[in-house]
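*Asks:* Numbering (my numbering), first residue to last: 1 to 141.
Have a look at this one.
Shown next, in the form of structure tokens:
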């Protein structure tokens, strides 16, 4: 069931992006399909988007929990590496299902959060606080 929920969220993101393209929003989207080998996912993200002047790596995640452990995600290190390239943004789109909330969380924010606090997960409340305080790298969708 969890995989189906995750795939449904990925499809929702793709469909929503294609819908805004139809309305004139100039963004390109490319789906990266998971290639599983040795029990890890080899892709850095689910999607690569281009919105001038940035290339954006988007990893879609969903959880029924009140917190989300980003540090243990197989794409975490890959997204950090991509974000080091000039003109590239990377992050996770996290759907907290029970709360009916979706947040974009920039990988640089995640890394800074971990480096400054040693915390490997975040909650809806923490992300909501960041949104309310206009913290760069976090916003609600």
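Idealized CB from N, CA, C, for every residue including glycine.
Just so you know, these numbers come straight off a predicted model, no measurement behind them.
Just tell me which of 107, 78, 14 has its CA closest to the CA of residue 43.
*Replies:* One-based indexing of the chain shown puts residue 43 at position 43. Comparing Cα positions, the closest option is 78.
*Asks:* Using beta-carbon positions only, say whether residue 62 and residue 97 come within less than 9 Å of one another.
*Replies:* Residue numbering aside, residue 62 sits at position 62 when the chain shown is read from its first letter. Residue numbering aside, residue 97 sits at position 97 when the chain shown is read from its first letter. Yes, the pair counts as a contact, with Cβ atoms nearer than the cut-off.
*Asks:* Say whether the region 51 to 65 touches the region 81 to 95, bearing in mind that this needs 3 or more beta-carbon pairs closer than 8 Å, one atom from each stretch.
*Replies:* Yes, they touch.
*Asks:* Less than 8 Å between the CB atoms is what I'm expecting for residue 102 and residue 141, so what's the real figure, rounded?
*Replies:* If you number the chain shown from 1, residue 102 lands on position 102. If you number the chain shown from 1, residue 141 lands on position 141. Yes, residue 102 and residue 141 are in contact; Cβ-Cβ is about 4 Å, under 8 Å.
*Asks:* Label residue 1 either buried or exposed according to how many other C-beta atoms from any shown protein chain fall within 10 Å of its C-beta, with 16 as the threshold for buried.
*Replies:* Stepping through the chain shown from its first residue, residue 1 is reached at position 1. With a pLDDT of only 42 at residue 1, under 50, the local geometry of the prediction cannot be trusted, and the value read off the model is given with reservation. Flag for residue 1 reads exposed.
*Asks:* Can you tell me which of the three DSSP states residue 61 falls into?
*Replies:* Start at 1 with the first residue of the chain shown, and residue 61 comes out as number 61. Reduced to three states, the DSSP call for residue 61 is strand.
*Asks:* Kindly list the residues whose CB is nearer than 6 Å to the CB of residue 9, restricted to its own chain and excluding five residues on each side of it in sequence; keep chain order.
*Replies:* As a first step, residue 9 is located in the chain shown; it is residue number 9 there, counting from the start. Excluding positions up to five away in sequence, the list reads 60, 62, 95.
*Asks:* At what residue ranges does the region 38 to 121 contain a whole run of the beta strand (DSSP E), taking only runs of 3 or more?
*Replies:* Correct list: 47 to 51, 54 to 63, 67 to 69, 88 to 96, 101 to 106.
*Asks:* What is the rounded straight-line gap between the Cα of residue 83 and the Cα of residue 71?
*Replies:* Working through the chain shown from its first residue, we reach residue 83 at position 83. Working through the chain shown from its first residue, we reach residue 71 at position 71. Near 16 Å, if we compare the C-alpha coordinates of residue 71 and residue 83.
*Asks:* Residue 20 by DSSP, collapsed to three states: which one?
*Replies:* One-based indexing of the chain shown puts residue 20 at position 20. DSSP places residue 20 in helix when its eight states are reduced to three.
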